[in-house]
Structure formats: structure tokens, C-alpha cells
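One structure is given here, and the rest of the page talks about it.
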Amino acid sequence: MNNPSPTEAAVAATTPGIARRWRPTPLIAGASALHVGAAAAVAFVPATWPWAAGSVIASHLVLVAAGLWPRSALLGPNWTVLPEHAAGQIALTIDDGPHPDVTPRVLDLLDRHGAQATFFCIGDAARRYPQWIEAIVARGHAVENHSQQHRHHFSLLGPGALRREIQAAQNTLAEISGVRPLFFRAPAGLRNPFLEPVLCELGLTLASWTRRGFDTRTREPAVVTERLLRGLAPRDILLLHDGNAARDARGEPVVLGVLPAVLEAAAAAGLQCTTLRAALTSATLAAQPASPAGTRVAPDRLANIQSDGTRTTGCPTPHTSHGNRRR
Ligand SMILES: [Zn+2]
Numbered sequence: 152m153n154n155p156s157p158t159e160a161a162v163a164a165t166t167p168g169i170a171r172r173w174r175p176t177p178l179i180a181g182a183s184a185l186h187v188g189a190a191a192a193v194a195f196v197p198a199t200w201p202w203a204a205g206s207v208i209a210s211h212l213v214l215v216a217a218g219l220w221p222r223s224a225l226l227g228p229n230w231t232v233l234p235e236h237a238a239g240q241i242a243l244t245i246d247d248g249p250h251p252d253v254t255p256r257v258l259d260l261l262d263r264h265g266a267q268a269t270f271f272c273i274g275d276a277a278r279r280y281p282q283w284i285e286a287i288v289a290r291g292h293a294v295e296n297h298s299q300q301h302r303h304h305f306s307l308l309g310p311g312a313l314r315r316e317i318q319a320a321q322n323t324l325a326e327i328s329g330v331r332p333l334f335f336r337a338p339a340g341l342r343n344p345f346l347e348p349v350l351c352e353l354g355l356t357l358a359s360w361t362r363r364g365f366d367t368r369t370r371e372p373a374v375v376t377e378r379l380l381r382g383l384a385p386r387d388i389l390l391l392h393d394g395n396a397a398r399d400a401r402g403e404p405v406v407l408g409v410l411p412a413v414l415e416a417a418a419a420a421g422l423q424c425t426t427l428r429a430a431l432t433s434a435t436l437a438a439q440p441a442s443p444a445g446t447r448v449a450p451d452r453l454a455n456i457q458s459d460g461t462r463t464t465g466c467p468t469p470h471t472s473h474g475n476r477r478r
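Take a look at the structure:
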């Protein structure tokens, strides 16, 4: 049997919007054991200290490297593709907004193609432009958590600072949109081992991507489009930006030159654009056993009922294992 993919493992561990127990990954458990072993070795045989120190330093370097790899599941569950249940769909994710000039034009493009997208929004930007958070939700898209300030040194923060950044964005986005985010994406995708326990506490699931266009740096829409569409397949999660978008030679935000081609290619391939939370809802509903009365509770409704989202105890949803998928 194949091991579950990072996405399937994340679905298995998630009851949307509800706090869950943190469980260390094999890498984190191994690093912890190594620290204990190194301390014991030095205590009983002090001459082993160079080996003990070297082992501890090496384990820290591996943990840092895992945090610098956005699509890694070494530090915790991570959506890199949609769940298997979402065959025939892809997800467009649009980061760093809302932006007062770009977000409205992105929304118009999505409307024109009948597509839904997930917007990973920054709390401070949402506070400045709340009308565009409201518009995103009113037009059928999803707002998710991309931290309050989008700090460039986010991956260097300790557990308390990480929690404050993410909790502040949860509160800001829920207050403005009326819907509590279910997903978190780290600024630039960079993180550290303290992040996953905070996400567990807040009932959030980490989401990265299948492919990104680097559209905050690349000024040629054709190049960004090619990066996103090369090997486009069902369950892909694509990353674009409405905030911090690079400008093309005419001064237009690159995302506006990329989206039509991506949406047309998806339609030509028979792929429907969905949101991450819609995919999570259908995956958890599929995995949830029916009650004796034959009814199931929609995870989105559960997430809204638990509106404080932080202190509710909940057990991971039982889930069958799924096949792996590699890129
Ligand atoms: Zn970002």
C-alpha cells in the first residue's frame, strides 16, 4: 500500500475549523530523541561531547532545511494538491491581497470564466480594504489566512509570536468576512517546527501549492503562464498574487495577463476551478460515517458553530488511507 500524500495525511488529521491534538512528525520526534540521547551521552561519557554537539547541530540544520522547502510535509501535514476526492478539479490560490486596484479586476476575470478561487489574505490589508474582502466572499470565493502582517522574518518567529500573527489574522478576516478561515499559508511558504502546533490549536490546515508562477518577480505573463500550465493536471493547486504583483512592460499587474490563459486552459482540459475549503468539505464528508439517522454535518457548518475556533477539543477524523502522488 502506498503512503498517504501530504494532502491526504492533512485531510485525515483534520476536522475543519476545530482544534486538534498536535502529533510530532517522524522528523521532529527523531530530532527530539536525538537531543535527549546527546544530553545523556555527555552526562555519562563527557568525552563524547563533540559527537553529541555535532549531532544536535546537524539535526537543527535538517529542521531548518525542511522549513525552507514550502511543499515539504516533514514538519507537519501540508496540502500540496487537492484531495483525491477532487478529481476533475483544480484550485487557483491568490495571495497577498486584498489590493484596491488588482483584486477587483481579478474578481471580474474570475466571474467572466465562472471560476472560484481561494484568496490568502493579509490581515492588515483586509483592515485597509474591507470592501474587497466582502466582495470576495459575496462573489462565491474563499478568504483564508496569510498572517496579519506578512512579516519577512515570519519563519524566524517563536511559538508566541507565530500564534499572535495567525490569531490576529483569524480575528480580522472572520470579523470582516463573517467566515472563519480554515487554511493557513505561510508568507513565502517558509516556516519552522513551531508552526504546526499553533495551526492545530487554531483549527487551521497548512496549504502550499503544486506549482507557482513566481509572479511577484517575473514580469512576463507568458513565462508565468508556462510555469503554471506545464503539466497541468487534476487536483493541482496553483499560486498567483493580487497583492505584491509584478508589473509587465505596460505597467499592468502580471496576474491579469496570466489568469485568462490559465482559466481557458483549465476549461479546455475539462477541469473545474474550486476552492480549498470546498475540496476539504467534500473530502471530509466522504470520509465521515453517516449517523444512525443517515445525516452528516457539513464541516463548514461545524467550523462556523465553533466560532471561537481555539478551545474546542476534537479528535482527528478517522480516515482511510489513500494512494500517493508525486511531482
Ligand atoms: Zn505572501
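Just so you know, we're using the working numbering here: the sequence shown kicks off at 152 and counts up by one. Just so it is clear, CB atoms sit at the ideal spot from N, CA and C, and this is done for glycine as well.
query: Would you call Gly382 buried or exposed, if buried means 16 or more other Cβ atoms sit within 10 Å of its Cβ?
result: By the 10 Å Cβ count, Gly382 comes out exposed.
task: Name, in chain order, the residues that DSSP records as bridge partners for Ile388.
output: For Ile388, which the question treats as bridged, DSSP gives the partners Ala242.
Between the CA atoms of Ser156 and Ala438 - distance to the nearest angstrom: Taking the straight line joining both Cα atoms gives about 16 Å.
message: Cutting at 8 Å between CB atoms, please list the residues of its own chain near Gly309, excluding the five before and the five after it.
response: These residues qualify, in order along the chain: Phe345.
Bounding residues of the beta strand (DSSP E) (the contiguous stretch that carries Val294): That run of the beta strand (DSSP E) goes 293–296.
message: I want to know whether the region 160–179 touches the region 346–357 - three or more CB-CB distances under 8 Å.
response: Cβ pair count under 8 Å is three or more, so yes.
task: Confirm the yes/no value for this check: CB of Ala238, any heavy atom of ligand 1, distance under 7 Å.
output: Remark: the shortest separation between the CB of Ala238 and any heavy atom of ligand 1 does not fall under 7 Å.
query: Does the beta carbon of His303 fall short of 7 Å from some heavy atom of ligand 1?
result: Checking the Cβ of His303 against ligand 1 gives no.
- prompt: What is the C-beta distance between Ser210 and Ala182, in whole angstroms, given that I count them as a contact (C-beta under 8 Å)?
  reply: Indeed, because the Cβ distance is near 4 Å, the residues count as touching under 8 Å.
- prompt: What span of residues does the alpha helix (DSSP H) with Phe195 cover, start to end?
  reply: Residue range 177–195 is occupied by the alpha helix (DSSP H) that includes Phe195.
task: Please state whether DSSP places Pro411 in a helix, a strand or coil.
output: Here Pro411 sits in helix by DSSP.
Gly205 classed as buried or exposed, judged by whether at least 16 other C-beta atoms fall within 10 angstroms: With fewer than 16 Cβ atoms within 10 Å of its Cβ, Gly205 is classed as exposed.
- prompt: Taking contact to mean at least 3 C-beta pairs separated by less than 8 Å, is the region 236–244 in contact with the region 383–390?
  reply: Segments in contact, yes.
- request: Give every residue of the same chain whose Cβ lies closer than 8 Å to the Cβ of Val288, excluding the five residues on either side of it in the sequence, and list them in chain order.
  value: Non-local beta-carbon contacts of Val288 in its own chain, meaning distances under 8 Å to residues more than five positions away in sequence, involve Val294, Ser328, Gly329, Val330 in chain order.
- prompt: Should Asp247 be counted as a contact of ligand 3 given a C-beta to heavy atom distance under 7 Å?
  reply: Summarising the ligand content, the structure contains ligand 1 and does not contain ligand 3.
task: Using a threshold of 8 Å, state whether the C-beta atoms of Arg401 and Gly218 are closer than that.
output: No, they are not a contact pair.
- prompt: Just the Cα atoms here: how many angstroms apart are Val162 and Ser359?
  reply: Taking the straight line from one Cα to the other gives about 14 Å.
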